[in-house]
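Below is one structure, written out as structure tokens; the observations come after it.
Protein chains: 2
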Amino acid sequence: LSDAPSAEADQHSSRQKLFICSSFLSYQAADLIIQLSSTPKMKPDVVDFGTVFTDHMLTVEWNAIEGWQTPLIRPFGNLSLHPACSSLHYGIQLFEGLMVYRGDDNRLRLFRPLMNMSRMAKSANRACLPAFDESELLECIRRLVEIDQDWVPCSESSSLYIRPTLIGTEPSLGVKKPTRALLYVILCQAGSYFNTEGKALSLWADPKYTRAWKGGTGDCKMGGNYGGTLFAQYEAGSHGCEQVLWLYGEDHQITEAGTMNIFLHWINEDGEEELATPPLDGIILPGVTRQSILELTKKWDEFKVLERYLTMKQLCSALKQQRLKEMFGSGTACRICPVGNIMYQGKILQLPCLEKSSLSSRIAAELADIQVSG
Amino acid sequence: LSDAPSAEADQHSSRQKLFICSSFLSYQAADLIIQLSSTPKMKPDVVDFGTVFTDHMLTVEWNAIEGWQTPLIRPFGNLSLHPACSSLHYGIQLFEGLMVYRGDDNRLRLFRPLMNMSRMAKSANRACLPAFDESELLECIRRLVEIDQDWVPCSESSSLYIRPTLIGTEPSLGVKKPTRALLYVILCQAGSYFNTEGKALSLWADPKYTRAWKGGTGDCKMGGNYGGTLFAQYEAGSHGCEQVLWLYGEDHQITEAGTMNIFLHWINEDGEEELATPPLDGIILPGVTRQSILELTKKWDEFKVLERYLTMKQLCSALKQQRLKEMFGSGTACRICPVGNIMYQGKILQLPCLEKSSLSSRIAAELADIQVSG
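In the order they appear, the protein sequences are chains R and Z.
Using full-length UniProt numbering, the letters of the first sequence correspond one by one to residues 1 to 374.
Using full-length UniProt numbering, the letters of the second sequence correspond one by one to residues 1 to 374.
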């Protein structure tokens, strides 16, 4: 981690390559220009998720004529954007979220970052934003994290969150594919996402709001999928619930909850022990933690692990017949969150949870183990 | 229009009122601070829609503690935004679009601006962005247009487009109601929206993409509704079509087309002459032009005017039985656009259009008349 070259050396080599580089489709991490901050911040104790940012950020500009420009690591600071910028009017924007953990051995580890790069590439395609080189971006991110490595906390309960972002910067108002874009990456402290330390989540399930639909963009991390959910989230809050459980269709399919995929650990209709989560049919966000849980539990080979449709009727029936063991959410920011109750059709469904031997705590422990010691 | 006070006088009165004002919920147009540009631009010939902006813009900041700040008219220029800004990550953003026309009498007229203010307020509520005073905003806009009045073209085919925008500027990453926001208004030249001068539009209708869904945000002008449509729009282009005709549900209901509401002028199933457009059931954008067409044609009292569901099957059947007179789109930016053909299920449906005596040309002429002479 001590191999970060000086700003001067990097700038020199990058300037030499600038003209060669701009005629290629991709930027190169090797061309990174690094401008170090002369006023590094004090590092406060780890606070709420996503409120304190590190000293540097990565930016890479793109335009339709010259392609990707030289990547730049520079002091964290505001972006200067044209007021007609297509990301501010038409939500032509996408993001990713991944964590960097400090292990007991003091080494830093990214958790399955290529899965994030690949999902980001899919979002970019869906949003009509430019394609980018996934491994070069990851290398640029690695360099950024290296420079701000002191920000990664020595703690099991917190980490540093990486937010790659790609926005359209087309400076005109027609609804069209942007001819300019900006890829940037910022880093922030990641304490607990929900203020429910050790408490199970309460969810509000009302079919009057829909998060995503077939033929839409619900399986991509595009901004519009999130802004549209705030209103329902606050209605959930007014009912004393922390998050929305998003339903779909006439049969009230369980899809996902606010910023989390959803898992059910139960005895299914055929009497088999099963861990189930809704399939990736276009309305579900393909979570990295979701995929990791599926792979991990399949490897255990102790019970059935399945991607399948789950309806509220099936959940209620399992609850009544005491076939439900646990329901939990998973996400990069919120990690593994047991669900304590669901408000649905005027009733509160109390779910079994927070048992010491629960599946969610076992999965959380195994994932944490991989994250901090590979 | 010569009553715009000098920048100095305005700044003085505003500073006096600053502390009083900030404790109220609303900004006041009377407090406007005006900073005139010292380098006004050359006004080019009217070009493509939304590419050339005027010399000034309006900005009003908001934060959850102090509420709305003093409104400011300042030289047009870039915005400085925090890179974690919630409008760039979660599409917490909305916009409006309205035109200012120069009449034969040289007077400037806004077309039904209170309808835009009211729709903007509804979008703000849905997006969890702050409420604002609609008439004070309109007065601020009036002052901005007054200052840049020389930009309103003397032409029947072009006008000045007003783009009010409201974005979340929360500088942190949790998905939550923003504690900071920015309301701003920019003005741009508005030539023809589609490059199809005098030609009827071709639409591509494929149920594999969905624009909006019940329980979503399709009836608000939130950014995410637009960014999600680009991909389908480019697929339409690859089939030689200019825009998407958005279908909904198993029965392929006709909803709206890219940036336009849709009207059908036909002999309905009961043999009656009818002008029909889909009802505002949550997935349709409540267009100002749409509403004006309904009111105008109802006033004529010459045929049935109805908000009703329309399916592709009904359209195909009407076409086969020669009951279809015309289909057209309506919108602020694109005005009235006859539809020439629709690509649907591998076939091209040729629609009757571009007749001199068509309903769309009569409506377009009457609306233009109102717009330029009140």
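Backbone N, C-alpha and C fix where the C-beta goes; we use that ideal spot for every residue, glycine too.
A quick note: this is a predicted structure, and the numbers were derived from the prediction, not measured.
May I have the straight-line CA-CA distance separating residue i from residue j, to the nearest angstrom?
i	j	result
residue 351 of chain R	residue 50 of chain Z	53 angstroms
residue 36 of chain R	residue 57 of chain R	10 angstroms
residue 167 of chain R	residue 322 of chain R	48 angstroms
residue 132 of chain R	residue 143 of chain Z	44 angstroms
residue 22 of chain Z	residue 221 of chain R	Reliability of the predicted coordinates at residue 22 of chain Z is poor, the pLDDT of 35 falling under 50, and the value obtained from them is presented with this limitation in mind. Answer to the nearest angstrom: the Cα atoms are 37 angstroms apart.
residue 124 of chain R	residue 43 of chain R	33 angstroms
residue 152 of chain Z	residue 332 of chain Z	16 angstroms
residue 334 of chain R	residue 227 of chain R	18 angstroms
residue 289 of chain Z	residue 330 of chain Z	6 angstroms
residue 385 of chain R	residue 164 of chain R	Examination of residue 385 of chain R is not possible in this model, given that chain R is present from 1 through 374 alone.
residue 69 of chain R	residue 308 of chain R	44 angstroms
residue 104 of chain Z	residue 94 of chain Z	33 angstroms
residue 154 of chain R	residue 106 of chain R	8 angstroms
residue 363 of chain R	residue 297 of chain R	8 angstroms
residue 111 of chain Z	residue 320 of chain R	59 angstroms
residue 174 of chain Z	residue 340 of chain Z	47 angstroms
residue 245 of chain R	residue 267 of chain R	21 angstroms
residue 79 of chain R	residue 115 of chain Z	33 angstroms
residue 358 of chain R	residue 302 of chain R	14 angstroms
residue 271 of chain Z	residue 317 of chain Z	13 angstroms
residue 28 of chain Z	residue 59 of chain R	39 angstroms
residue 361 of chain Z	residue 161 of chain R	57 angstroms
residue 236 of chain Z	residue 285 of chain Z	21 angstroms
residue 15 of chain Z	residue 64 of chain Z	Caution is warranted here: a pLDDT of 36 is assigned to residue 15 of chain Z, below 50, making its placement in the model unreliable, and the coordinate value is therefore given only provisionally. Approximately 21 angstroms, taken between the alpha carbons.
residue 328 of chain Z	residue 291 of chain R	47 angstroms
residue 76 of chain Z	residue 55 of chain Z	5 angstroms
residue 201 of chain Z	residue 186 of chain Z	29 angstroms
residue 370 of chain Z	residue 183 of chain Z	29 angstroms
residue 367 of chain Z	residue 117 of chain Z	20 angstroms
residue 234 of chain R	residue 343 of chain R	14 angstroms
residue 47 of chain Z	residue 100 of chain R	49 angstroms
residue 231 of chain Z	residue 129 of chain R	10 angstroms
residue 242 of chain Z	residue 275 of chain R	47 angstroms
Have a look at the options and flag the residue whose alpha-carbon is nearest the alpha-carbon of residue i.
i	options	result
residue 347 of chain Z	Z:203, Z:291 and Z:364	Z:203
residue 260 of chain R	R:87, R:293 and R:59	R:293
residue 179 of chain Z	Z:62, Z:187, Z:208 and Z:249	Z:62
residue 141 of chain Z	Z:113, Z:119 and Z:129	Z:113
residue 252 of chain R	R:209, R:370 and R:216	R:209
residue 282 of chain Z	Z:216, Z:107 and Z:357	Z:216
residue 248 of chain R	R:266, R:265 and R:214	R:214
residue 41 of chain Z	Z:34, Z:53, Z:30 and Z:47	Z:53
residue 311 of chain Z	Z:285, Z:205 and Z:237	Z:205
residue 256 of chain Z	Z:224, Z:75 and Z:218	Z:218
residue 97 of chain Z	Z:207, Z:129, Z:135 and Z:119	Z:119
residue 171 of chain R	R:315, R:34 and R:88	R:88
Check the Cβ of residue i against every Cβ in chain Z and list those closer than 7 angstroms, keeping chain order.
i	result
residue 128 of chain R	230, 231 and 234
residue 217 of chain R	228
residue 344 of chain R	Result: empty, since nearest Cβ-Cβ is about 15 angstroms, beyond 7 angstroms.
residue 214 of chain R	210
residue 184 of chain R	83
List the DSSP bridge partners of residue i.
i	result
residue 80 of chain R	Z:80
residue 256 of chain R	R:246 and R:261
residue 180 of chain Z	Z:63
residue 276 of chain R	R:264 and R:306
residue 69 of chain R	Beta-bridge pairing links residue 69 of chain R to no other residue.
residue 161 of chain R	R:99 and R:188
residue 74 of chain R	R:57
residue 203 of chain Z	Z:243 and Z:342
residue 167 of chain R	R:93 and R:182
residue 34 of chain R	R:73
Along chain Z, which residues have their Cβ under 8 angstroms away from the Cβ of residue i?
i	result
residue 259 of chain R	175
Could you list which residues in chain R have their beta carbon closer than 7 angstroms to that of residue i, in chain order?
i	result
residue 80 of chain Z	78 and 80
residue 165 of chain Z	88 and 89
What residues from chain R crowd round residue i, counting only those whose CB sits closer than 8 angstroms?
i	result
residue 42 of chain Z	The premise fails here: residue 42 of chain Z is roughly 18 angstroms from chain R at the closest Cβ pair, so nothing lies under 8 angstroms.
residue 54 of chain Z	What residue 54 of chain Z touches in chain R: nothing, since even the nearest Cβ is about 12 angstroms away.
Please list the partners that residue i has in chain Z, where partner means a Cβ-to-Cβ separation under 9 angstroms.
i	result
residue 140 of chain R	Neighbours of residue 140 of chain R on chain Z: none; closest Cβ ~16 angstroms, over 9 angstroms.
residue 349 of chain R	Simply none; closest approach about 21 angstroms.
Would you mind telling me which residues of chain R sit closer than 9 angstroms to residue i, beta carbon to beta carbon, in chain order?
i	result
residue 49 of chain Z	172, 173 and 174
residue 188 of chain Z	84, 172 and 173
residue 222 of chain Z	91, 224, 227 and 228
Beta strand (DSSP E) runs wholly inside the segment 288-357 of chain R, at least 3 long, in chain order = Entirely contained in the segment 288-357 of chain R, the beta strand (DSSP E) runs reaching 3 residues are, in chain order, 304-307, 324-331, 335-344 and 347-350.
Unbroken alpha helix (DSSP H) runs of length 4 or more, entirely within the segment 106-153 of chain R: which are they?
-> DSSP runs (the alpha helix (DSSP H)) wholly in the segment 106-153 of chain R: 113-126 and 134-147.
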